[in-house]
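J.: Residue numbers 257 to 615, in our numbering, belong to the letters of the sequence shown in order. Take this structure, written in structure tokens, and hold onto it; I'll ask about it next.
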Amino acid sequence: MTSQHLDLADLELGELEKALEALGIERFHARQLYRWIYRRGTVDFELMTDLSRTLRTRFREEFLVSTPRIVTDERSVDGTRKFVLELADRRRIESVFIPDTPSMTFCISTQVGCAMSCGFCLTGKMGLVRNLMAGEIAGQVRVLAAATGLLDLPFNIVLMGMGEPLHNYDNTMKALRILHSEHGLAVSPRRVTLSTVGIVPGLERLAHEPMMPNLAVSLHATTDEQRTALVPPNKKYPLADILDACRRFPLKKRSRITFEYVMLDGVNDTPDDARRLVRLLAGIKAKVNLIPLNPAPGIPYDRPSDARVDRFAQILADRHITVSVRKSRGQDIRAACGQLIVEGGPKKTAAQQMALLLR
Ligand code: SF4
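The structure is reproduced here in structure tokens:
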């Protein structure tokens, strides 16, 4: 393949139709291509048998569909599968399949690494290597759906893998439009949850998106001081601004914003924290997802006892806040939240290594 080839992975259906038209090819072939690529998981033009031989040859000579390559596929005892995927530039990312019944979920990445530096997250320790292209974000879903036999079945997507989706806004939203196409995987935005640390301008843009996913905000703390220590972007976008943006967020009927709260033993898990959290969420249609930390080497926090988690949850429930405690999935293969890091991937540049040391 050369740079002369047009990469179809990064094109929305309308863009593909225009690209074909510009080459003197009928637009309707775009729908056929989308069906092969997304519904059947085929990127080999020779196998696209409802296209004429002439077209197949021409497509092979002029197009490519870059597709993340599965490097490893580790299976947890609980059925969770963690995939390491390699991109065209040999960078590596991780995506996770969580087979909870009744719904199947893919947790996918939006960046290689992450710039947010959350104190309890291994991905944050990598720093940001680069943004993913829309085709690379949508490509993870294509690859995982094929690998798990779900190309024809409904599944959920959570944008909770490596990276901060609102820090790669345009590519993330374009990927969702690609996945939404009725000629492709037809993923409804209702089945997608975007998780963010609360990049306020991104939240405001998201509030005007025609195709709006469910929103999850990673709160993790109840004072600015504590939150800035755990989630450094809080310095720029403090709690009050994030929660104001959440109050203004146009929710659909019966939907709510999920607030994620990683529980760190003795740090943010006291009854006072729980009561402050109740006050912060006043006036927001909210539910809270408590995530007891998945401890990992290099992370300077511990997991609280079940009794501390239960007490915290009870205080929220007593104030009529819907609360759930997230079961940790795939811990034996490091597929749990905040544990995605590509070991043995491409070497960091000297500047990236320095940035890590200075952190
Ligand atoms: S928790 Fe999410 S936003 Fe924070 S560093 Fe990790 S990947 Fe980035």
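Every residue, glycine too, gets a C-beta built ideally from N, C-alpha and C.
Taking the beta carbon of residue 388 as the centre, do at least 16 other beta carbons fall within 10 Å, making it buried, or is it exposed?
T.: That one is buried.
J.: Could you round the C-beta distance between residue 341 and residue 354 to whole angstroms and report it? I think they count as a contact, below 8 Å.
T.: About 16 Å separates the two Cβ atoms, so there is no contact after all.
J.: By DSSP, does residue 370 sit in helix, in strand, or in coil?
T.: If DSSP states are grouped into helix, strand and coil, residue 370 belongs with coil.
J.: Assuming contact is defined by CB atoms lying nearer than 8 Å, are residue 304 and residue 314 in contact in what I supplied?
T.: No, these two residues do not count as a Cβ contact at 8 Å.
J.: Going by C-alpha to C-alpha distance, which of 356, 509, 310, 320 sits closest to residue 272?
T.: Out of 356, 509, 310, 320, 320 has the C-alpha closest to the C-alpha of residue 272.
J.: Put residue 264 into one of helix, strand or coil per three-state DSSP.
T.: Residue 264 falls in the helix class under three-state DSSP.
J.: Excluding the 5 residues preceding and the 5 following residue 486 in the sequence, name in chain order all residues of the same chain whose CB lies nearer than 7 Å to its CB.
T.: Result list for residue 486: 374, 375, 376, 476, 477, in chain order.
J.: In the DSSP assignment, find the unbroken beta strand (DSSP E) run with residue 382 in it and report its ends.
T.: Careful: residue 382 lies outside any beta strand (DSSP E), inside the alpha helix (DSSP H) at 378-382.
J.: May I ask you to check if the CB of residue 363 is nearer than 7 Å to at least one heavy atom of the ligand SF4?
T.: Because no heavy atom of the ligand SF4 lies under 7 Å away, the Cβ of residue 363 does not count as near it: no.
J.: Just confirm the distance between the C-beta atoms of residue 557 and residue 549, as a whole number of angstroms; I'd bet it's less than 8 Å.
T.: Indeed, because the Cβ distance is near 6 Å, the residues count as touching under 8 Å.
J.: I'd like to know whether the C-beta of residue 282 is nearer than 8 Å to at least one C-beta of chain D.
T.: In the displayed structure, chain D is absent; only one protein chain is listed.
J.: Quick one: which unbroken beta strand (DSSP E) runs of 3-plus residues sit fully inside the stretch 487-537? Chain order, please.
T.: Those beta strand (DSSP E) runs which fall completely within the stretch 487-537 and span 3+ residues are 513-519.
J.: Select from 555, 325, 582, 479 the residue whose C-alpha is nearest the C-alpha of residue 565.
T.: The shortest C-alpha separation from residue 565 is found at 582.
J.: Apart from the five residues on each side of it in sequence, which residues of its chain come closer than 7 Å, Cβ to Cβ, to residue 390?
T.: Only 266, 427, 430, 431, 434 meet the Cβ criterion.
J.: Per DSSP, what kind of secondary structure is residue 420 in: helix, strand or coil?
T.: Residue state, collapsed to three classes: coil.
J.: Quick check on residue 491: buried or exposed, where buried means 16 or more other Cβ atoms within 10 Å of its Cβ?
T.: The residue in question, residue 491, is exposed, as its Cβ has fewer than 16 Cβ neighbours within 10 Å.
J.: Measuring only the C-alpha atoms, how far is residue 269 from residue 338?
T.: Straight-line Cα distance between these residues: approximately 30 Å.
J.: Thinking residue 407 and residue 364 are a contact (beta carbons under 8 Å), I'd like their distance in whole angstroms, please.
T.: Not really, about 16 Å apart at Cβ, beyond 8 Å.
J.: Any residues whose CB sits closer than 7 Å to a heavy atom of the ligand SF4? List them in chain order?
T.: Qualifying residues, in the order they occur: 370, 372, 373, 374, 377, 379, 380, 418, 419, 420, 453, 474, 487, 594.
J.: So for residue 548, helix, strand or coil by DSSP?
T.: Three-state result, residue 548: strand.
J.: Entirely within the stretch 454-488 and at least 4 residues each: give me those alpha helix (DSSP H) ranges in chain order.
T.: Taking only runs of at least 4 residues, the alpha helix (DSSP H) segments lying wholly in the stretch 454-488 are 456-462, 480-486.
J.: Is it the case that the stretch 523-532 contacts the stretch 491-501, given that we only count it when at least three CB pairs across the two stretches are under 8 Å?
T.: Judged by Cβ distances under 8 Å, the stretch 491-501 makes no contact with the stretch 523-532, as fewer than three pairs qualify.
J.: So is residue 529 buried or exposed if we call it buried at 16+ other beta carbons inside 10 Å?
T.: Result: buried.
J.: Evaluate contact between the stretch 394-405 and the stretch 325-337, counting only Cβ atoms and requiring at least three cross-stretch pairs below 8 Å.
T.: The stretch 394-405 vs the stretch 325-337: in contact.
J.: Under a Cβ-count criterion, where at least 16 other Cβ atoms within 10 Å of its own Cβ denotes burial, should residue 483 be classed as buried or exposed?
T.: Buried, because 16 or more other Cβ atoms sit within 10 Å of the Cβ of residue 483.
J.: By Cβ distance below 6 Å, which residues in the same chain neighbour residue 470 in space, the five residues on each side in sequence not counted?
T.: Only 449 meet the Cβ criterion.
J.: For the stretch 292-341, list the alpha helix (DSSP H) runs that are entirely contained and at least 4 residues long, ordered along the chain.
T.: Those alpha helix (DSSP H) runs which fall completely within the stretch 292-341 and span 4+ residues are 309-318.
J.: Taking DSSP as the reference, what is the three-state secondary structure of residue 568?
T.: Note: residue 568 maps to helix in three-state DSSP.
J.: In the DSSP output, what is residue 397 paired with across the bridge?
T.: Its beta-bridge partners do not exist; DSSP assigns none.
J.: Three-state secondary structure (DSSP) at residue 269?
T.: The answer is helix: DSSP assigns residue 269 an H, G or I state.
J.: Mind checking which residues open and close the alpha helix (DSSP H) that includes residue 435?
T.: Note, residue 435: alpha helix (DSSP H), 425-436.
J.: Buried or exposed: where does residue 284 fall if 16 or more other Cβ atoms within 10 Å of its Cβ makes it buried?
T.: Exposed, because fewer than 16 other Cβ atoms sit within 10 Å of the Cβ of residue 284.
J.: If contacts are defined as beta-carbon pairs under 8 Å, then residue 495 and residue 515 qualify, I think. What distance do you get, rounded to the angstrom?
T.: That pair is no contact at about 11 Å.
J.: Residues in the same chain with beta-carbon distance under 7 Å from residue 503, minus the five sequence neighbours each way, listed in chain order, please.
T.: Answer for residue 503: 539, 540, listed in chain order.
J.: Have a look at 288, 329, 543 and flag the residue whose alpha-carbon is nearest the alpha-carbon of residue 474.
T.: The residue with the shortest Cα to Cα distance from residue 474 is 543.
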